[in-house]
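Per our numbering, the sequence shown starts with residue 2, numbered consecutively. Below you'll find the structure, written out as structure tokens, and then a few comments.
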Amino acid sequence: MTATLDLWPIGNCQVSALVDRSGRFVWGCTPRVDGDPAFCSLLDDKPPAGKGAFGFWEIDLDGKVETTQAYLRNTPILVTRHTDLHGNAIEVIDFCPRFKRMGRMYRPVAFARIVRPVAGAPRIRVRLRPARAWGGAMADHTRGSNHIRYLVEESVLRLTTNAPIGWIEDERLFRVERSLHFFLGPDESFTADIVEALETMLDRTAEEWRHWVRGLATPVEWQEAVIRSAITLKLCQHEETGAIVAALTTSIPEHADSGRNWDYRFCWIRDAYYTVQALNRLGALDVLEAYLEYLRNIVDNAAGGHIHPLYGVGGEQTLIEYEAKALSGYRGMGPVRVGNQAYEQVQHDAYGQIVLSNVQAFFDHRLLRVGGVEDFKALEPIGERAWQVYDQPDAGLWELRTKSHVHTYSAAMCWAACDRLANAAAALGLTERAEFWQDRAQTMRRKIEEEAWRPETNRLSATFAGDDLDASLIQLLDLRFFAPDDPRFRGTLKAVEDGLRRGSHMLRYATEDDFGLPHTAFNVCTFWLIEALHFTGRDADARILLEEMLERRTPAGLLSEDIDPNTGELWGNYPQTYSLVGMINCAVLLSKPWSAIR
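What follows is the structure in structure tokens.
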């Protein structure tokens, strides 16, 4: 079976797994999202479950002819139903436990599977073959009376089960006559009754997620899409530290054989800002509060100096990039990259995103920790850096590896840092500091308008020195650098749409970069266009585009980073926070109000 992005994420904000359309775990890292993948067959073109294949966990119904999948309502708990030619059937419930226990969140490095016979006399074969060393070998194992220990790269995973342990070890075909429970987790004795324990974990995990969803302020339209996007964004947060990863995967190519294969299992300051911005619109303040704690530590450690574009989920600054040679890649399209060299880059927009993420804390009385004067003082060095670098070259938000320009988007983000610091100072009654930062913001605005505006084409350029089109120019509306009725924004929007729109999709840019011309559209850019259409009075066009994007989702209700505008096939890392953010933001903007149905 050819690998696809028809994948269903499960997780608990500590670990996650991607389950394919056959109900097979094909991706999952331990002991956290950026760890070594115990399940890595997504990035290996060996035939699934074939000779020499490993890096997966399969519960295979003998003679299977049909598989259906769905999440339990308002949870990331997946139910897969398999039926064979004779009508024998099983259900497999997959989840990662997550619920409050003893005053804190219980989220072990663990994966739970429950197999229930639902019709006839089904026969299954369980193949659990974890990998280690980035697909370099299958994990060695040892057996106990009711468990199997797998020696993965950074730890030991123990499978505890009430299924016949020898049949699991030997991958023997056997009949399912009762519910079978599997818990793959820490190398600790499972002291409780596994059936009762996993059924309780299932119930409490479902309850925890449904309680979280119940607190979301969803729009009346497109609720299912918004809720699924919000749950998945929550899965992308490493709850222990508050970091938010850009995606759960590495090295899904941006398009076929492109070499544009990157590791997205890290926390980009930019991506995390957009994530908390979208979830704030739904009232999910827990994600913001946890991320701000992470971000304050990043700022403290920078001590007024350079901020990296991305960090590890534990706050690591060094993310050395290398290739995992043992894995051939998605559909054999390598390389598989581990780490991301972009951590070495200079990307000035991060200063704006740090301030923008923090500024809500000075105004929002719902927060458990409201921003004070000391928090403001801690942010001022970030504003100072923004002031120093806003008109200096950087790699830009698209992370060009061999080119450097003064990017209009980066400059505008730096302007936003100073502008919002002025707002925060005013809220705190710091009149002198408010005037100081507002003066700087006005100076920066004048410079950006002077350097980026191209009167001969009635639009902004994406760079100060060039005459470039870039979808990020649309974001100057969201930053409030331009108003929707500003003729300069209208001219820029028309130019961007004319130059970068391909049918129902938007390119980031249409010029050559380090890898040649891009072939796929960038999903979040399409959502940026939808927002701009709405704010400029083209609601009907915006709704049509949104509906078309929602039709492109996987059966799990999610999107990856990129899409082929000709075939509609999804490419790039998955699930991608940018794309989920776009769905939420556009649904909130375009939905009719709740008062319309009351």
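Backbone N, C-alpha and C define an ideal beta-carbon position, used for all residues, glycine too.
Sorted by chain position, which residues of the same chain lie with C-beta nearer than 8 Å to Arg211's C-beta, five sequence neighbours on each side aside?
Arg74, Asn75 and Thr76
Using 8 Å as the Cβ pair cut-off and three pairs as the minimum, do the segment 122-131 and the segment 152-171 touch?
yes
First and last residue of the uninterrupted beta strand (DSSP E) at Ile91:
Ala90 to Phe96
Would you kindly check if the distance between the Cβ of Arg179 and the Cβ of Arg124 is under 7 Å?
no
Using 7 Å as the threshold, is the C-beta distance between Ala428 and Phe363 below it?
yes
Measure from the alpha carbon of Gly353 to the alpha carbon of each residue in Pro310, Trp595, Ile228 and Gln318, then state which is nearest.
Pro310
Can you tell me where the alpha helix (DSSP H) holding His148 begins and where it ends?
First-last for His148: His148 to Leu152, but that is the beta strand (DSSP E), not the alpha helix (DSSP H).
Using only the alpha-carbon positions, how far apart do Val360 and Val374 sit?
12 Å
Residues near Gln439 by beta carbon distance below 6 Å, same chain, minus five either side:
Apart from the 5 residues on each side of it in sequence, Gln439 sits with its Cβ closer than 6 Å to the Cβ of Ala423 in its chain, given in chain order.
Whole-angstrom distance between Gln318 and Asn341, CA atom to CA atom:
11 Å
For Arg371, is the classification buried or exposed, using 16 other Cβ atoms within 10 angstroms of its Cβ as the cut-off for buried?
According to the sequence displayed, residue 371 carries Val and not Arg. Classification of Val371: exposed, given that the 10 Å Cβ count is below 16.
Alpha-carbon to alpha-carbon, Tyr265 and Tyr107:
26 Å
For Ser252 and Ile42, the rounded distance between their alpha carbons
The sequence given here places Ser at residue 42; Ile does not occur at that position. Each residue's Cα considered, the two are about 13 Å apart.
Of the residues Asp35, Val525, Ala325 and Glu570, which one's Cα is nearest the Cα of Cys268?
Asp35
Could you give the uninterrupted runs of the alpha helix (DSSP H) lying entirely in the segment 471-532, keeping only those of 4 residues or more?
476-479 and 488-501
Which residues share a DSSP beta bridge with Gln238?
Ile245
Once the 5 residues before and after Thr161 are set aside, which same chain residues still bring their CB inside 7 Å of it?
Asn147, His148, Phe184, Phe191 and Ile195
Am I right that Ala244 and Tyr323 are in contact with their C-beta atoms under 8 Å? What's the rounded C-beta distance?
Not quite, the Cβ-Cβ distance comes to about 22 Å (not below 8 Å), so this is no contact.
The alpha helix (DSSP H) spanning Ser462 covers which residue range?
Neither: Ser462 is in no alpha helix (DSSP H) and is coded neither H nor E.
Measure the beta-carbon distance from Asp540 to Thr512 and round it to whole angstroms, keeping in mind my assumption that it falls under 8 Å.
In fact, because the Cβ distance is near 31 Å, the residues do not count as touching under 8 Å.
Around the Cβ of Asn524, are there at least 16 other Cβ atoms within 10 angstroms (buried) or fewer (exposed)?
buried
So, for Glu436: in the same chain, excluding its five sequence neighbours on each side, which residues have a beta-carbon less than 8 Å away from its beta-carbon?
Ala423
Start-end ranges of the beta strand (DSSP E) lying completely within the segment 105-133, minimum 3 residues:
105-107, 112-120 and 124-130
Run of the beta strand (DSSP E) containing Gly29, from where it starts to where it stops:
Phe26 to Thr31
Any heavy atom of the ligand PLP inside 6 Å of the beta-carbon of Ala418?
The model on display carries no ligand, and the ligand PLP is accordingly not part of it.
Can you find the residues in the same chain that come closer than 7 Å, C-beta to C-beta, to Thr3, ignoring five residues on each side of it along the sequence?
Arg332
Between Ala122 and Leu86, what straight-line distance do the alpha-carbon atoms span, to the nearest angstrom?
12 Å
Could you tell me which residues DSSP pairs with Ile60 in its beta bridges?
Val127
Span of the alpha helix (DSSP H) around Ala543:
Asp540 to Glu552
Span of the beta strand (DSSP E) around Pro336
Where Pro336 is concerned, there is no enclosing beta strand (DSSP E), given that its DSSP letter is neither H nor E.
When we look at the beta-carbon of Gln224 and count the other beta-carbons within 10 Å, is it buried (16 or more) or exposed?
exposed
By how many angstroms is the C-alpha of Asp563 removed from the C-alpha of Phe482?
27 Å
Quick one: give me the first and last residue of the beta strand (DSSP E) that Thr84 is part of.
Leu79 to Asp85
Which first and last residues belong to the alpha helix (DSSP H) in which Ile11 is found?
Careful: Ile11 lies outside any alpha helix (DSSP H), inside the beta strand (DSSP E) at Trp9 to Gly12.
Starting from Pro382, trace the alpha helix (DSSP H) both ways and give me its first and last residue.
Val374 to Val390
Check whether the Cβ atoms of Leu286 and Ala218 sit closer than 7 Å, and answer yes or no.
no
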